[in-house]
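Following: one structure in structure tokens, then a few remarks.
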Amino acid sequence: MKDVILYEQQLRDGIGRVCGKVAILWGGTKSDEPKSYMELACDDYVKHADCNKYIDHRLSFPWLIVVIKGLSEVNFERYTIDEYPNAKVYISRHPLLDKDKVETIGEMAILVGGVGTNKPNEIVNSAVKKYISGGVKYNELIDKNLDNPWVRVIITNIDQIPFKNYTTQQL
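Using our numbering, the letters of the sequence shown correspond one by one to residues 4 to 174.
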């Protein structure tokens, strides 16, 4: 699809084995209906693969979709937050790499928390607030279907990511 750029990277588990893939799709900036345009691009990229899709947490930035395949296989570590010290919150961190320059340019963090409580949004919001402290530029994403308040995806330094034109790549 024209007007869509893509960044892809393999995900690794706690011992370095490839366990999944993340794709960041950005585009639709020339479309009158960017949300629909990006949903079509995402569906074309994903085909029928089992994956999780994430969109802007404010629902106000329809040009960005993050796709994660293999989420259940990634390694999560306990993440303690002061406001809810007994809450079960977990984080999985993945460096985003510029393969051409062989350097880390950002990070994707997957935060999970508040499962089994009546305050999942508050707990995960606190975890996000702790993670992003320090003024780093970030994008916060939520489940595309809006039915999973326990998971947030944070992408840092998205403006440094070396996107490629989306042509025929698939998840």
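Glycine included, every Cβ here is placed at the ideal spot set by N, Cα and C.
For clarity, every value in this text was computed on a predicted model and none was experimentally measured.
Cβ neighbour criterion (16 or more within 10 Å) applied to residue i
i	result
Asn-55	buried
Leu-67	buried
Glu-143	buried
Leu-62	exposed
Gly-138	exposed
Asn-128	buried
Ile-58	buried
Ile-18	exposed
Leu-14	buried
Own chain partners of residue i with C-beta closer than 7 Å, once the 5 adjacent residues on each side are dropped
i	result
Val-118	Lys-91, Trp-153
Ala-52	Lys-72, Leu-174
Val-131	Leu-114, Glu-143, Arg-155, Ile-157
Glu-110	Arg-96, His-97, Pro-98, Leu-99, Thr-159
Glu-80	Tyr-93, Ile-94
Counterpart residues of residue i in DSSP-defined beta bridges
i	result
Glu-42	According to DSSP, Glu-42 bridges with nothing at all.
His-97	Met-111
Arg-61	Note: Arg-61 sits in no beta bridge, so no partner.
Asn-55	Ile-71
Leu-174	The partner list for Leu-174 (beta bridge, DSSP) is empty, contrary to what the question assumes.
Ala-130	According to DSSP, Ala-130 bridges with nothing at all.
Glu-106	Asp-101
Leu-9	Leu-28, Lys-167
Nearest to residue i (by Cα), restricted to the options the options
i	options	result
Thr-32	Val-25, Met-41, Ala-26, Lys-24	Met-41
Val-69	Asp-6, Val-77, Ile-161	Ile-161
Lys-104	Val-7, Val-21, Gln-163	Gln-163
Pro-65	Cys-22, Lys-132, Ile-27	Ile-27
Glu-11	Met-4, His-60, Tyr-48	Tyr-48
Lys-24	Asp-85, Asp-146, Ile-71, Pro-98	Ile-71
Leu-114	Arg-155, Ser-34, Ser-136, Glu-86	Arg-155
Asn-89	Arg-96, Glu-110, Gly-116, Pro-37	Gly-116
Ala-112	Leu-9, Thr-171, Tyr-93	Tyr-93
Met-4	Lys-38, Cys-45, Gly-19, Glu-36	Cys-45
His-60	Leu-149, Ile-145, Asp-150	Ile-145
Tyr-87	Glu-106, Thr-120, Lys-140	Thr-120
Residue i at chain C interface by Cβ criterion, 9 Å
i	result
Glu-80	The chain inventory of the structure shown lacks chain C, comprising one protein chain alone.
Close beta carbons around residue i, own chain, < 6 Å, minus the five adjacent residues each side
i	result
Leu-74	Asn-55
Pro-123	Gly-117, Pro-152, Trp-153
heavy atom of the ligand MG below 8 Å from residue i C-beta
i	result
Gln-12	Questions concerning the ligand MG fall outside what the structure shown contains, since it holds no ligand whatsoever.
Cβ neighbours of residue i in the same chain (closer than 8 Å, five flanking residues each side left out)
i	result
Asp-16	Cys-22, Glu-76, Val-77, Asn-78
Ile-108	Leu-99, Leu-100, Asp-101, Asn-160, Gln-163, Ile-164, Pro-165
Leu-9	Ala-26, Ile-27, Leu-28, Trp-29, Tyr-48, Phe-166, Lys-167, Asn-168, Tyr-169, Gln-172
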